[in-house]
């Protein structure tokens, strides 16, 4: 599951204010192995990222995968994502460097950037309401008609689009429908209408 978060919404729903103003775009939250029938694997191996080893990737990662809540500490965020999720990605993900390089490749080279996918469908972050169908149709157009997973949250302004997940097969070679969509009744469910983005 390649999950991207809309920075503005993440900051709206965080109990502690974001330290820097968020950008109006989707950036990487993480690349997570999943299990279509049960709990997703987590914390498979306890290792930490080597900041010296990843130094040549840092400039790209800070743009596409920032720690939205604290832009002074990206490495802690990447390390948490690697330990919790990336370490479970074998055989597709071989090690921490490969995990980070794969995220860069998916977001930049393979054009799995949700902001760009939505923009191509004329869905822009202008603070207006969209339907679930409009958002889903745009994402499907960029993923060979595969179903994404949408995550929303509700506040006094309405329901905001917070995350979009694009799913791939276990080898990261082709898109698949995302398993286990967020169901009606969940606080993260996206309603049929009036999704703010």
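Numbering (our numbering), first residue to last: 1 to 197.
Yeah, the Cβ is synthetic: ideal placement off N, Cα and C, and Gly gets one too.
Just the C-alpha distance for residue i and residue j, rounded to the nearest angstrom, thanks.
i: residue 153; j: residue 128; result: 15 Å
i: residue 198; j: residue 65; result: Look at the range of the chain in this structure, 1 to 197, and you will see that residue 198 is not part of it.
i: residue 157; j: residue 132; result: 17 Å
i: residue 126; j: residue 155; result: 17 Å
i: residue 84; j: residue 93; result: 13 Å
i: residue 175; j: residue 49; result: 28 Å
i: residue 146; j: residue 172; result: 14 Å
i: residue 183; j: residue 79; result: 30 Å
i: residue 75; j: residue 60; result: 13 Å
i: residue 102; j: residue 41; result: 19 Å
i: residue 39; j: residue 124; result: 34 Å
Assign residue i to buried or exposed, taking buried as 16 or more other Cβ atoms, counted over all protein chains shown, within 10 Å of its Cβ.
i: residue 169; result: exposed
i: residue 77; result: buried
i: residue 200; result: In the structure as shown, the chain starts at 1 and stops at 197, and residue 200 therefore has no counterpart that could be examined.
i: residue 106; result: buried
i: residue 52; result: exposed
i: residue 89; result: buried
i: residue 17; result: exposed
i: residue 21; result: exposed
Quick one: what's got a C-beta closer than 7 Å to residue i's C-beta in the same chain, skipping five residues either side?
i: residue 3; result: 29, 30, 32, 163 and 165
i: residue 117; result: 138, 139 and 142
i: residue 14; result: 69
i: residue 188; result: 151, 152, 153 and 182
i: residue 144; result: 175
Go through its chain and collect everything with a Cβ distance to residue i's Cβ below 6 Å, but skip five positions before and after it.
i: residue 1; result: 32, 34, 165 and 167
i: residue 87; result: 44 and 45
i: residue 26; result: 4, 6, 114 and 115
i: residue 9; result: 160 and 162
i: residue 47; result: none
Taking the CB atoms as reference points, tell me whether residue i and residue j lie closer together than 9 Å.
i: residue 135; j: residue 160; result: no
i: residue 150; j: residue 181; result: yes
i: residue 82; j: residue 96; result: yes
i: residue 57; j: residue 108; result: no
i: residue 54; j: residue 100; result: yes
Residues in the same chain with beta-carbon distance under 8 Å from residue i, minus the five sequence neighbours each way, listed in chain order, please.
i: residue 73; result: 67
i: residue 191; result: 132, 152 and 159
i: residue 193; result: 129, 131 and 132
i: residue 19; result: 69, 70, 71 and 72
For a minimum of 3 consecutive residues, which ranges assigned as the beta strand (DSSP E) are wholly contained in the region 7 to 64? 26 to 31
Just list the beta strand (DSSP E) runs in the region 114 to 171, keeping only unbroken ones of 3 residues or longer that don't cross its boundaries, in chain order. 149 to 155 and 158 to 168
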